[in-house]
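Notes for the one structure printed next.
Numbering (this note's numbering), first residue to last: 4 to 288.
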């Protein structure tokens, strides 16, 4: 975790060190959500989490902005919120904090010069614009579930037999790569500040944000290899009052491994100029 934070700070400071008259530094806050096996079959905002972060930007042209960012957030999911009775009976749930950092390219739909001191007279540029963005990031996560009065980390338990003799799968990595992309709207009330709102998606390449992906393994053998807690948290339907006493057999579907997990970041942000107000683009005629 510390290495990720240090790397993010280094990336941000590197961007600022090359920035000139059109550099920004800002803060953002909003909410995050998750799409995966514990909210199937449809997207839901029933478990929103808090998201916040920092960002540094370099406006390259009126249409192109480079951005380095770091965000922290929480995402969660629960079978209890599903409309599918079979998923409700599975009774799994999780939450995880996510730390992400990376870079992205913003494409402004309208020509935008956020720190032009003559912006009120210069009709070539707009004080607002919708934009699209895309990039790449690295993120760290650690899914946990609430059990017997405490939050228990799930990855070490191998709830689907990962890393044991019961499965050919290795334990999943808690640090992964994602593709961030989305759209937003930015507005400059004056030459020193820019407000924006954006909706962002994160395409991940893991199906274990929620610790649910493949098939059940033999729960008795899992208990023998990883302990009682691992077996108890692999299937939690027996905690429900209406449980019929049956347990899923080894090989039965626990998740949908063909569909990778996603998460979203939806934030409001405020950015400030770092240098003397000056347009980096062509001077006024």
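Beta carbons: idealized from backbone N, C-alpha and C, even for Gly.
Two segments are said to touch when three or more pairs of C-beta atoms, one from each, lie closer than 8 Å; by this definition the segment 104–117 does not touch the segment 148–155. By the 16-neighbour rule on beta-carbons within 10 angstroms, residue 89 is exposed.
An exposed status is given to residue 168, since fewer than 16 other beta-carbon atoms sit within 10 Å of its beta-carbon.
Residue 41 and residue 56 have their C-alpha atoms some 26 Å from each other. According to the DSSP assignment, residue 103 belongs to the beta strand (DSSP E) that extends over 96–111. The beta-carbon separation of residue 220 and residue 163, rounded to 6 Å, stays under the 8 Å limit for a contact. Here residue 222 has 234, 237, 238, 250 as same chain residues with Cβ atoms under 7 Å from its own Cβ, once five neighbours each way along the sequence are excluded.
Under the criterion of beta carbons closer than 8 Å, residue 106 and residue 138 qualify as touching, at roughly 5 Å. When DSSP states are grouped into helix, strand and coil, residue 262 belongs to the coil group.
Non-local C-beta neighbours of residue 274 in its own chain, meaning closer than 6 Å and more than five positions away in sequence, comprise 27, 29, 197, ordered along the chain. Residue 61 and residue 173 have their C-alpha atoms some 41 Å from each other. Residue 175 and residue 141 do not touch by the CB rule: their CB atoms are close to 15 Å apart, not below 8 Å. In this model, residue 96 and residue 73 are separated by some 27 Å (Cα to Cα).
In this structure, the CA atom of residue 143 is about 5 Å from the CA atom of residue 102.
Of all alpha-carbon atoms in 78, 241, 277, 39, the one lying nearest the alpha-carbon of residue 194 is that of 277. The beta carbon of residue 226 sits closer than 8 Å to the beta carbons of 233, 234 from its chain, once the five residues preceding and following it are set aside; these are given in chain order. Here residue 108 has 67, 68, 69, 70, 136, 137, 138 as same chain residues with Cβ atoms under 8 Å from its own Cβ, once five neighbours each way along the sequence are excluded.
Secondary structure of residue 156 (DSSP, three-state): strand.
About 5 Å separates the beta carbon of residue 271 from that of residue 200, a gap short enough to meet the 8 Å contact definition. Taking C-beta separations shorter than 8 Å and ignoring five residues to either side along the sequence, the partners of residue 79 in its chain run 37, 50, 52, 96, 97, 98, 99, following chain order. Here residue 81 has 41, 50, 96 as same chain residues with Cβ atoms under 7 Å from its own Cβ, once five neighbours each way along the sequence are excluded. Short of 8 Å from the beta carbon of residue 166, and not among the five residues preceding or following it, lie these beta carbons of its own chain, in chain order: 172, 173, 174. Across the set 246, 191, 205, 263, the C-alpha of 205 shows the shortest separation from the C-alpha of residue 184. In the displayed model, residue 178 falls within a strand according to three-state DSSP. Counting the other Cβ atoms within 10 Å of the Cβ of residue 192 gives fewer than 16, which makes it exposed.
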